[in-house]
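Down below is the structure, laid out as structure tokens.
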Amino acid sequence: MRKILALISFLFLISCTSQETFKKNPVDQLIVSMTNVNNFTIILQDIDAEEHLFSSDHYRQKFKVITMGADSVPQTKETEWYEVSETFFNLHSGDIGMEVASKVDGKLSKQVSPPGYSGYVGNSQYGQWKTNPSTGTSFWEFYGRYAMMRSVFGMGFYGPVYRSSYMNYRGYHSSGRNYYGGSSGSPRYGSYSSGAQKSNPSFSRRMSTSSSFRNTVGSSVSRSPARTAAGSRASGYKSSTSRYGSGSSSRSRSSSSGGK
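For any residue, its number in this note's numbering is found by taking its place in the sequence shown, counting from 1, and adding 163.
Given below as structure tokens:
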């Protein structure tokens, strides 16, 4: 009898593991659906989690897809909620407002990047670097016909894109690391940034009012293989015990502190 019970437990464990391993990845689904699209950006719009005492927890994610339409006019679409595995939830729980996949001139990347950075900021087809005569700092400005892209990517919530920050991003990107900007413990981009709080009031409200949701997000960020603990407690959410900082992407697992 003990052997039979042990066998049943083993088979049950294998079944749960298989379901976790082979649960569909919504980002890959979206990528496949746009095989013939040469330029697109997939941004993580929102995340949610429901804890269950006697059954599996439920994890969900929602995305914004940006494609370039006729005359290079950006088209946006917000997806439905997707059920995701715990592993995939953990991987991207800190990436709200960030690009989680993009294709630029037919070249696909699943490197996590700040919104608009992978194919539009720094691209002379869409804008130029300008210098503030008072401060001497250089910042990105879209050409008039592409001015709407700042709104499409939600850049207004994060402030100007300075050339120094963009160059830091390029350095991180070339070595396979995710770039969140800001100082240690206070990222400029991602779920714990003030920009994400402003751009996604629903997520911000859940983080502020639900300790279980806040703890789920915080613990998943700390467990993510794509991040390392860095800096002090994230600001803006009371009683949060999670730590958050720039880390390596799926291409690189080395530890790193956040750039400025």
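Ideal Cβ placement from N, Cα and C applies to all residues, glycine included.
Asked, Found
"Backbone CA spacing between Ser256 and Val384 [nearest angstrom]", "6 Å"
"Local conformation of Met231 per DSSP, three classes", "strand"
"Beta strand (DSSP E) segments (min. 3 residues) lying fully within the region 193 to 277", "203 to 213, 221 to 231, 237 to 241, 245 to 247, 262 to 267, 270 to 272"
"Opening and closing residue of the alpha helix (DSSP H) in which Gly334 lies", "326 to 337"
"Span separating the alpha-carbon of Glu142 from that of Tyr222", "There is simply no residue 142 to check, as the chain begins at 164 and stops at 423 in what is shown."
"Helix, strand or coil at Thr294 according to DSSP, with G and I counted as helix", "strand"
"Same chain, Cβ closer than 6 Å to Ser276, neighbours up to 5 away in sequence not counted", "Glu262"
"Proximity to Ser265 [Cα-Cα], best of Leu193, Tyr355, Ser356", "Leu193"
"Bridge partners - Ser346, DSSP secondary structure assignment", "Ser349"
"Close Cβ partners of Phe203 (< 6 Å) along its chain, the five nearest in sequence each way excluded", "Met197, Thr230, Lys266"
"Three-state secondary structure assigned by DSSP to Phe366", "helix"
"Gly345 versus Glu246: straight-line alpha-carbon distance, rounded", "31 Å"
"Host alpha helix (DSSP H) of Ser301 (start-end)", "Not the alpha helix (DSSP H): Ser301 falls in the beta strand (DSSP E), residues 301 to 305."
"Ala310 burial status per 10 Å Cβ neighbour count (16 or more: buried)", "exposed"
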